[in-house]
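S.K.: This is the structure, below, for whatever I ask next.
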Amino acid sequence: MATREVTDATFEAEVLKSEKTIMVDFWAEWCGPCRAVSPILDKIAEENADKIEIVKLNVDDNPQTAMKYMITSIPAMKVYRGGEVVKTVIGAKPKPALEADLAEFLA
Numbered sequence: 001m002a003t004r005e006v007t008d009a010t011f012e013a014e015v016l017k018s019e020k021t022i023m024v025d026f027w028a029e030w031c032g033p034c035r036a037v038s039p040i041l042d043k044i045a046e047e048n049a050d051k052i053e054i055v056k057l058n059v060d061d062n063p064q065t066a067m068k069y070m071i072t073s074i075p076a077m078k079v080y081r082g083g084e085v086v087k088t089v090i091g092a093k094p095k096p097a098l099e100a101d102l103a104e105f106l107a
């Protein structure tokens, strides 16, 4: 599986304490653009598994983390490195645009 779920309970261990570069896709079941971008993120995760890990956090099920990172519109993607947010991408985009946004992490 290319992407996996994280929760309020697992966020610190799986994202903040990870030694890898991790992109978190903040999404919700009812969000059409989130569903549209999901297979694109799966593909990017598969093709770049050695460089970046992509995880998903459902904002409805995990409001604490969404609030902590001030997620006000979704899809929102944040790249974490060493426990810090190093990049934020807002909105559904086609694969080439997302790859361009993530170029520094995929190189």
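Each residue of the sequence shown is one higher than the one before, counting from 1 in full-length UniProt numbering. Where a beta carbon is used, it is the ideal one built from N, C-alpha and C, also for glycine.
1. Looking at the unbroken beta strand (DSSP E) that takes in residue 79, where does it start and where does it end?
2. Taking residue 107 as the reference, give the member of 9, 60 and 44 with the closest Cα.
3. With respect to the beta strand (DSSP E) encompassing residue 85, which residues constitute its N-terminal and C-terminal limits?
4. Our contact map puts residue 62 next to residue 7 with C-beta atoms below 8 Å; I'd like the distance itself, whole angstroms only.
5. With DSSP run on the structure shown, which of helix, strand or coil describes residue 6?
6. For residue 14, I'd like the list of residues in its chain whose CB is within less than 6 Å of its CB, leaving aside the five on either flank, ordered along the chain.
7. Between residue 41 and residue 3, is the Cβ-Cβ spacing less than 8 Å?
M.R.: On the basis of the data shown:
1. 76 to 81
2. 44
3. 84 to 90
4. 5 Å
5. coil
6. 6
7. yes
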